[in-house]
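**Student:**
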Amino acid sequence: MSREVIEKAYDPTGLERRWYSFWERENYFAADHASPKPKFSIVIPPPNVTGSLHMGHALQHTLHDILVRWKRMQGYNVLWLPGTDHASIAVHYVLDKQLEAEGKSRFDLGREQFLSLAWKWKAESGGIILNQMRRLGVSCDWSRERFTMDEGLSNAVKEVFVRLYEEGLIYRGEYIVNWCPRCKTAISDLEVAYRQVLGKLWFIRYPIIGSSQHLVLATTRPETMLGDTAVAVHPEDDRYRNLIGGQVQLPLMDRPIPIIGDSFVDRDFATGIVKITPAHDPHDYEVALRHELPRVTVIDESGRMTPGAGAFAGLDRFECRRRIVDQLASESLLAKTEEYLHNVGHCDRCASAIEPKVSLQWYLKVESLAKPAIAAVESGTVRFVPDSFKNRYFEWMYNIHDWCISRQLWWGHQIPAWFCDACGDVLVQRDKPEACPKCKGCLREETDILDTWFSSALWPFSTLGWPEETPDLKTFYPTDVLITGPDIIFFWVARMIMMGLKYMGDVPFHQVHINGIVRDANRQKMSKTKGNIIEPLQLVEEYGADAVRFTLSSMAVPGTDIPFSTDRMKGYSAFANKVWNAARFVLMNLDGSESHVSAEGIDELLRQKALSLPLEDIWILHRLDEVARGISDSLEKFRFHEASSLIYQFFWHEFCDWYIELIKPVLTTKEDPAGPRAERISILLHAMDYSLRLLHPFMPFITEEIWQKMPHSGRSLMVQEFPSARTIRSNPDAARAMQVLFDLVLAVRSARTEMNLDPRAELDARLTVAEPAMRATVEESLDRVRALARLRSVAIAEALPETSEDVFVLCGIWTQGEFALNLAGAIDVGAQRRRLEKERDSLAAEIEKILRKVNNHEFRSRAPQEVVEENRRRHAELLERMGRLEGLLAQFPGADSGE
RNA sequence: GGGCGCCUAGCUCAGCUGGUAGAGCACUGCGAUCACACCGCAGGGGUCAUAGGUUCGAGUCCUAUGGCGCCCACCA
4 MSREVIEKAY DPTGLERRWY SFWERENYFA ADHASPKPKF SIVIPPPNVT GSLHMGHALQ
64 HTLHDILVRW KRMQGYNVLW LPGTDHASIA VHYVLDKQLE AEGKSRFDLG REQFLSLAWK
124 WKAESGGIIL NQMRRLGVSC DWSRERFTMD EGLSNAVKEV FVRLYEEGLI YRGEYIVNWC
184 PRCKTAISDL EVAYRQVLGK LWFIRYPIIG SSQHLVLATT RPETMLGDTA VAVHPEDDRY
244 RNLIGGQVQL PLMDRPIPII GDSFVDRDFA TGIVKITPAH DPHDYEVALR HELPRVTVID
304 ESGRMTPGAG AFAGLDRFEC RRRIVDQLAS ESLLAKTEEY LHNVGHCDRC ASAIEPKVSL
364 QWYLKVESLA KPAIAAVESG TVRFVPDSFK NRYFEWMYNI HDWCISRQLW WGHQIPAWFC
424 DACGDVLVQR DKPEACPKCK GCLREETDIL DTWFSSALWP FSTLGWPEET PDLKTFYPTD
484 VLITGPDIIF FWVARMIMMG LKYMGDVPFH QVHINGIVRD ANRQKMSKTK GNIIEPLQLV
544 EEYGADAVRF TLSSMAVPGT DIPFSTDRMK GYSAFANKVW NAARFVLMNL DGSESHVSAE
604 GIDELLRQKA LSLPLEDIWI LHRLDEVARG ISDSLEKFRF HEASSLIYQF FWHEFCDWYI
664 ELIKPVLTTK EDPAGPRAER ISILLHAMDY SLRLLHPFMP FITEEIWQKM PHSGRSLMVQ
724 EFPSARTIRS NPDAARAMQV LFDLVLAVRS ARTEMNLDPR AELDARLTVA EPAMRATVEE
784 SLDRVRALAR LRSVAIAEAL PETSEDVFVL CGIWTQGEFA LNLAGAIDVG AQRRRLEKER
844 DSLAAEIEKI LRKVNNHEFR SRAPQEVVEE NRRRHAELLE RMGRLEGLLA QFPGADSGE
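Each residue of the first sequence is one higher than the one before, counting from 4 in the numbering used here.
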């Protein structure tokens, strides 16, 4: 059969979807719990069902897929478990917006209707992101896809909740929490984002009862004064200590409140007097507990003033603030106003200002869970990559607070608790109870749901079937590695470690690779408001998934942010084209008689014919071996940028620039199909095959497409073996010899260009080889040198002719000797002299540097022997080179002496 | 206030355990030679933020300073 000639430029359109469905159809993504192979498992950081693929996802999924494809090709039983997170607040936010557009709120619908709307939305839009992931080429096991609100996962959540409650680790209580007045739910400390805001500091006069004096105190939130139940001063503050025990009249409310002493007050801040609003400030809440002060709630769950706010009842909190300031001013109770830069907490999801609020919530006691989780990281059972991220982890874990796990939302896991209003009993159990076991009274079901991160914490084992002891759970837990962003170390990573240790008795993963944040080319965070968002799918459409993947991988230095550059991506899209054209060239020159030879077959060839195989063949096999090892070493350490660079440099600058150039004459010769040509072609095809395997985890689509067009054995590249070290191919001598030849070619090319020779000039070259051992190698390779340096002829001479007596002109030196070209008088003597002098100067500088080292007896006595030897060797080499260079220069009239 | 990280070629960045400063892009010159102009060949460009220190030897380790960034805490 004759090979098809492929398109001149690589076009990923169409072919990516085709290969993706092929892989899926062939079931290559599926893991097998019964496989005898060693397992490698990863659970996906489940994207929100509300999500749409952004650069951060693209990065993470690319890195996952590189690892997963690499391990699969290495013969592991690989599970990459995909799924989505129900993201309760995010879904609420989306649906709230929709309802708002219709002039409604979720409360108009009621819980039941809202939930059916949510499920409907999930069915329609929840899978978008997973399909977007497919476009990137991710090889997840879709048959094991999970959703955090699946029946199985919901059972796991309920089970964990009940067990924790029964153990006394979950409790319910009334505390001050972060309340979002827009989402109308409590949120955890982690969900509060502090932002710097230029606000005001209002200084207000509180009249002292029984005196004509005032106390002046400062506040950023005057509306909360309506709920003040005390003012506080530092007990040792000489200005005010004698007032402690007295009272002030609370302005606007005409209520007397006590003056108390508490050492939390900072005497140096403002006037040193603090108003105490226990119901609306976390610090004041604590103070009130210490001093048994009453709490007066003046702001409700929507952020409006309550009846407790008297005349201000019903106003929005910010409107109330304005009114109060006006009124204070009109009553001469406003002493002054200052601009004040401070941090204000905002809801992570909807950006509303957080309102601290006292309410009844469920909490998880985390201290006993945190201890073993800290130990797991301290002992190295869980390793962070890069290591420095464990500091963040420790910092948070050592100061961990109880976790407020209840939310006043509807979409999520309902807390399995029932209350008896008759006797006040609280039941927490797996199944719904009929009636109160104590008084037979009616039961009221808890309406709160759990924080989304509660179910996420169970993800590594709930997705595998826990609490059932499923084969999947036994086979794939613990997983091998977690790849995620730095922003969810606390939200997710820490909590998974705690829950994994608690319920599986083992960590959920052994390594946590923290990737950077993808920024725009100017290092700015991408955001809708800045309008600098780069859509990964748009890039995929434009440049192909392979180019996008390779770009992300090549920039993924562990722990550092990625300034995504379109220029750079264009470069990698050019790389894809390069790979394509290398294949194109090979295919064009096959006649269809060639067949695939296995790696073992090539090894056998090497064993039998080692001495007669051409140097470049031995060299390319040696390099393939080294590069394969390098890529695996780098991937083992999550050094994706290094692995990418290895395959890129190898393929472009060794395979294409040297190897293909070297075998061009063989390839384009159609003779001798059964002889040495056949052997050489099989080595070429093998090198191509192995290069494609090495590249496949990074660029799965183009490599599959090419591989399928080349002679091959097997159904798909993605299930071929990833190249591993084959010691028989290791041949450092061949590599060194090749390097010497390259150097010669480079020296000749350089001389041609720098002396402004006509590129079409047909030149003959003569050269000397200093090292006798090298002479045979060079001799045998003269044809290669001739072709690569574009010479008409080249020959070795014992000594080069004097410039004056021949048309040959000494042109330069290379590692092994000198060379001359027949320039037939066309030489620019000045130009040649200048370039030789330039080379001499830089050589002299180098010699000088190394000489200082070698002459230093401290260096000789203290540096390791091999370093000293290496420097001596190098010094001798440079001196020899200098000798040759000066010899050349001496023949040029007008050359300076040069020292 | 506490902690972490960064500062290397015009730009964006590599340089892991100290031992001859690298890549991509950009730039300059040459080249339509039959895989690729999304290309080839050759070339220019760096006191590795600054100042000290350790070391035979520092981009790499230590200290300080300056600039930039991130995380945590969140004093009204």
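The beta-carbon is built from N, C-alpha and C at its ideal position, and this holds for glycine as well.
For the putative contact between residue 62 and residue 559, defined by C-beta atoms under 8 Å, what is the C-beta separation to the nearest angstrom?
**Tutor:** 7 Å between Cβ atoms; contact.
**Student:** Grouping DSSP H, G and I as helix and E and B as strand, with all else coil, what is residue 387?
**Tutor:** Residue 387: strand per DSSP, three-state reduction.
**Student:** Since residue 204 and residue 232 are thought to touch, with beta carbons under 8 Å apart, how far apart are those beta carbons, to the nearest angstrom?
**Tutor:** Incorrect: roughly 22 Å between the Cβ atoms, too far for contact.
**Student:** For the putative contact between residue 168 and residue 366, defined by C-beta atoms under 8 Å, what is the C-beta separation to the nearest angstrom?
**Tutor:** At roughly 11 Å, the Cβ-Cβ gap does not stay under 8 Å, so residue 168 and residue 366 are not in contact.
**Student:** Where do the N-terminal and C-terminal ends of the alpha helix (DSSP H) with residue 689 fall, by residue?
**Tutor:** Here the alpha helix (DSSP H) through residue 689 covers 679-698.
**Student:** Determine the burial state of residue 197: buried for a count of at least 16 other Cβ atoms within 10 Å of its Cβ, exposed for fewer.
**Tutor:** Exposed is the call here.
**Student:** What residue range is occupied by the uninterrupted beta strand (DSSP E) comprising residue 495?
**Tutor:** From DSSP, residue 495 is part of no beta strand (DSSP E); its letter is neither H nor E.
**Student:** If I measure Cβ to Cβ from residue 835 and keep anything under 6 Å in the same chain, skipping five residues before and after, which residues do I get?
**Tutor:** Taken in chain order, the residues that qualify are 758.
**Student:** Do residue 703 and residue 562 have their C-beta atoms within less than 9 Å of each other?
**Tutor:** For residue 703 and residue 562, no; Cβs fall outside 9 Å.
**Student:** Expressed to the nearest angstrom, what Euclidean distance is found between the alpha-carbon atoms of residue 255 and residue 338?
**Tutor:** So the two alpha carbons sit approximately 15 Å from each other.
**Student:** Using the Cβ count rule (16 or more neighbours within 10 Å means buried), how would you classify residue 44?
**Tutor:** Classification of residue 44: buried, given that the 10 Å Cβ count is 16 or more.
**Student:** Give a yes or no on whether the C-beta atoms belonging to residue 206 and residue 195 are separated by under 9 Å.
**Tutor:** For residue 206 and residue 195, no; Cβs fall outside 9 Å.
**Student:** Please report how far the alpha carbon of residue 520 lies from the alpha carbon of residue 533, in whole angstroms.
**Tutor:** Rounded to whole angstroms, residue 520 to residue 533 spans 16 Å at the Cα level.
**Student:** Over what stretch of residues does the alpha helix (DSSP H) that includes residue 709 continue unbroken?
**Tutor:** It spans 703-712 - the alpha helix (DSSP H) in which residue 709 sits, taken as one unbroken run.
**Student:** Going by the DSSP bridge assignment, what does residue 407 pair with across the sheet?
**Tutor:** DSSP, once it has assigned bridges, lists 366 as partnering residue 407.
**Student:** Is the Cβ-Cβ distance between residue 492 and residue 517 less than 9 Å?
**Tutor:** Yes, they are a contact pair.
**Student:** Put residue 553 into one of helix, strand or coil per three-state DSSP.
**Tutor:** Looking at residue 553 - three-state DSSP - the assignment turns out to be helix.
**Student:** Residue range of the alpha helix (DSSP H) that residue 619 falls in?
**Tutor:** Residue 619 -> alpha helix (DSSP H) spans 618-639.
**Student:** To the nearest angstrom, report how far apart residue 875 and residue 884 are at their CA atoms.
**Tutor:** For residue 875 and residue 884, the distance between alpha carbons rounds to 14 Å.
**Student:** Measuring alpha carbon to alpha carbon, tell me which residue in 10, 699, 888 is nearest residue 77.
**Tutor:** With distances taken between Cα atoms, residue 77 lies closest to 699.
**Student:** Hey, residue 903 and residue 482: beta-carbon distance below 9 Å or not?
**Tutor:** The chain is shown from 4 up to 902; residue 903 falls before or after that span and cannot be answered.
**Student:** Using a 10 Å radius around the Cβ and a threshold of 16 neighbouring Cβ atoms, would you call residue 501 buried or exposed?
**Tutor:** Flag for residue 501 reads buried.
**Student:** Taking the beta strand (DSSP E) that residue 77 belongs to, which residues open and close that run?
**Tutor:** Per DSSP, residue 77 belongs to no beta strand (DSSP E) and is neither H nor E.
**Student:** Residue 547 to residue 141, Cα distance in whole Å?
**Tutor:** Taking the straight line from one Cα to the other gives about 14 Å.
**Student:** Find the nearest neighbour of residue 423 within the set 340, 864, 448, judged by alpha-carbon distance.
**Tutor:** For residue 423, the nearest C-alpha among the options comes from 448.
**Student:** Kindly list the residues whose CB is nearer than 6 Å to the CB of residue 838, restricted to its own chain and excluding five residues on each side of it in sequence; keep chain order.
**Tutor:** Closer than 6 Å at the Cβ level, and outside the excluded window around residue 838, lie 757.
**Student:** Below 8 Å, how does it come out for the segment 158-168 and the segment 332-350: are there three or more Cβ pairs, yes or no?
**Tutor:** No, because fewer than three Cβ pairs between the segment 158-168 and the segment 332-350 fall closer than 8 Å, the two stretches do not touch.
**Student:** Based on Cα-Cα distance, which residue from 70, 507, 307 lies nearest to residue 471?
**Tutor:** Per the Cα distances, 507.
**Student:** Is it right to say residue 401 is buried, meaning 16 or more other beta carbons lie within 10 angstroms of its own, or is it exposed?
**Tutor:** By the neighbour-count rule (16 or more Cβ atoms within 10 Å), residue 401 is not buried but exposed.
**Student:** Which residue's Cα is closest to the Cα of residue 667: 737, 718, 585?
**Tutor:** Closest option to residue 667, Cα to Cα, is 585.
**Student:** Of the choices 393, 582, 536, whose alpha-carbon is the least far from that of residue 56?
**Tutor:** It is 536.
**Student:** Alpha carbon to alpha carbon, how far is residue 399 from residue 710? Give it in angstroms, no decimals.
**Tutor:** Going from the Cα of residue 710 to the Cα of residue 399 covers about 49 Å.
**Student:** If you follow the alpha helix (DSSP H) that residue 354 is in, where does it begin and where does it stop?
**Tutor:** Element bounds for residue 354: n/a, residue is neither H nor E.
**Student:** Sort 276, 217, 213, 216 by Cα distance to residue 1 and report the nearest one.
**Tutor:** Residue 1 is absent from the model: the chain starts at 4 and stops at 902.
**Student:** At what residue ranges does the segment 737-811 contain a whole run of the beta strand (DSSP E), taking only runs of 3 or more?
**Tutor:** Whole beta strand (DSSP E) segments, 3+ residues: 767-770, 796-799.
**Student:** Could you give the DSSP three-state label for residue 513: helix, strand or coil?
**Tutor:** Strand.
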